Amino acid sequence: MSKIDINGDIVESLTGTTIEKKKSRIPARLDFLQSATGLILALFIIFHLIFESSILFGKDSMYAITKMFEGEFIVKDGSPIFISTLAMVIFAIFIFHAFLAMRKFPSSYREYLRYRTHAKLMNHADTNLWFIQITTGFMLFFLGSIHLYIMMTQPQNIGPFASSDRIYSDLMWPMYLMLLVSVVLHAGVGVYRLIMKWGWFDGENPRQNRIRTRKIIKIVVVFYLLIGLFSLASYIKIGYEHRVDYGKRYSVNMGDK
Ligand code: HEM
Numbered sequence: 011m012s013k014i015d016i017n018g019d020i021v022e023s024l025t026g027t028t029i030e031k032k033k034s035r036i037p038a039r040l041d042f043l044q045s046a047t048g049l050i051l052a053l054f055i056i057f058h059l060i061f062e063s064s065i066l067f068g069k070d071s072m073y074a075i076t077k078m079f080e081g082e083f084i085v086k087d088g089s090p091i092f093i094s095t096l097a098m099v100i101f102a103i104f105i106f107h108a109f110l111a112m113r114k115f116p117s118s119y120r121e122y123l124r125y126r127t128h129a130k131l132m133n134h135a136d137t138n139l140w141f142i143q144i145t146t147g148f149m150l151f152f153l154g155s156i157h158l159y160i161m162m163t164q165p166q167n168i169g170p171f172a173s174s175d176r177i178y179s180d181l182m183w184p185m186y187l188m189l190l191v192s193v194v195l196h197a198g199v200g201v202y203r204l205i206m207k208w209g210w211f212d213g214e215n216p217r218q219n220r221i222r223t224r225k226i227i228k229i230v231v232v233f234y235l236l237i238g239l240f241s242l243a244s245y246i247k248i249g250y251e252h253r254v255d256y257g258k259r260y261s262v263n264m265g266d267k
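In terms of our numbering, the sequence shown is numbered consecutively and its last residue is 267.
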């Protein structure tokens with residue numbers, strides 16, 4: 011019989027002599043998959059929030075982007091099935107990423123509270139970042155799932171009026187506000203931790219470059235929060251003006267009023 015440590019490594023034989031340490035590769039593989047799926051999702055969000063802010067340039071711009079995602083360049087007039095399919099792929103990656111992340115969650119409420127007290131006492135920057143990521147990740151389980159489910163099942167209801175009606179008249183704006191803050195913080199902290207973990211931009215002077223990376227990520231996070239908030243305000247304004255015509259769809263002939 012051999013003793014096995016928590017990583018699944020054989021550390022001691024029956025006679026008490028240490029034998030070959032056979033490292034399990036599973037934790038490292040799961041860690042890599044978590045980083046890879048996180049990176050894919052972060053890249054998706056970086057583009058998603060930019061496309062979605064097309065509403066800031068007017069209804070025609072957002073309409074054109076919607077039609078592009080409906081594959082207008084492949085089939086005549088486009089089809090919402092393309093959006094639905096994309097949402098399914100993203101949802102699958104999202105669930106897999108969340109499943110892998112569950113390993114890192116505090117396993118009880120007591121452990122969570124103990125951790126919070128510890129983080130407050132230490133006030134250590136990286137410990138606080140980890141705490142932000144765990145909390146926003148937990149929120150995303152719910153908020154991200156609601157949004158993705160709607161995108162999968164109602165892909166035809168996207169556009170300057172349809173989206174604004176959902177956000178204003180269907181009262182989805184509080185959900186989007188929470189989703190925006192959680193996803194931008196989560197992706198920002200996640201990408202920062204990835205860069206630190208794999209030392210991507212360490213170069214000749216890791217200390218200085220890490221401080222620089224931190225600054226750049228802070229600026230990007232603020233930028234995305236701002237464009238997200240302005241876009242949301244824009245959808246709310248359009249939804250409010252369109253409330254009497256709830257359900258009526260936008261078309262280019264209407265002009266960009
Ligand atoms: C293929 C999958 C997705 C599609 C097709 C999609 C599409 C959209 C659309 C059309 C809107 C505008 C509001 C609406 O019509 O309801 C929107 C808003 C938003 N989406 Fe997504 N989305 C997808 C995935 C995600 C994911 C995975 C997240 C984050 C977990 C996310 C975060 C957001 C946020 C935060 C907003 C509001 C942005 C703002 O404040 O302006 N989306 N999305």
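For every residue, glycine included, the Cβ atom is placed at its ideal position computed from N, Cα and C.
Nothing here was measured: the structure is a model prediction, and the numbers come from that model.
Distance from the C-beta of H196 to the nearest heavy atom of the ligand HEM is not below 6 Å. Within the stretch 146-224, the runs of alpha helix (DSSP H) that reach at least 4 residues and sit entirely inside it are, in chain order, 170-178 and 183-208.
Linking L189 to K33 through their CA atoms gives a straight-line distance of about 39 Å.
In terms of Cα proximity to F106, the closest of T137, L49 and R176 is L49. In the three-state reduction of the DSSP assignment, G88 falls in the coil class.
The Cβ atoms of I93 and P165 lie closer than 7 Å to each other.
One alpha carbon belongs to I229, the other to L235, and they sit about 10 Å apart. Our two residues, I36 and T127, have alpha carbons roughly 32 Å apart in a direct line.
In the same chain as G147, and ignoring 5 residues on each side of it, the C-beta atoms closer than 7 Å to its own belong to A111 and H196, in chain order. By alpha-carbon distance to L96, the top candidate from P184, H58 and E214 is H58. Counted as a single uninterrupted DSSP element, the stretch harbouring L66 is not any alpha helix (DSSP H), since DSSP gives it neither H nor E. Between the ligand HEM and H252, a heavy atom-to-CB distance of less than 6 Å is absent. Placement of the Cβ of S173 at a distance of less than 6 Å from at least one heavy atom of the ligand HEM is found. Of the candidates I65, F141 and R222, I65 places its Cα closest to the Cα of I237.
Judged by DSSP in its simplified three-state form, E80 adopts coil rather than helix or strand. Between S63 and S241, the C-beta gap is smaller than 7 Å, which places the two residues in contact.
In this model, I160 and L153 are separated by some 11 Å (Cα to Cα). Counting the other CB atoms within 10 Å of its CB gives S244 a total of 16 or more, which places it among the buried residues. Exclusion of Y73 from the 6 Å shell around the ligand HEM follows from its C-beta lying no nearer than that to any non-hydrogen atom of the ligand. Between the alpha carbons of F101 and L51 lies a gap of roughly 10 Å. In this structure the stretch 246-258 lies against the stretch 168-188, because at least three pairs of beta carbons, one per stretch, are closer than 8 Å. In the three-state DSSP reduction, S34 falls in the coil class, being neither helix nor strand.
The DSSP-derived three-state label of F61 is helix. Looking at A172, I144 and G209, the one whose alpha-carbon comes closest to that of E251 is A172.
Check the Cα spacing between R203 and each of G68, S45 and R253: the tightest is with S45. Here the C-alpha atom of F54 lies approximately 22 Å from the C-alpha atom of G209.
Assignment of R113 by DSSP, reduced to helix, strand and coil, places it in the helix class.
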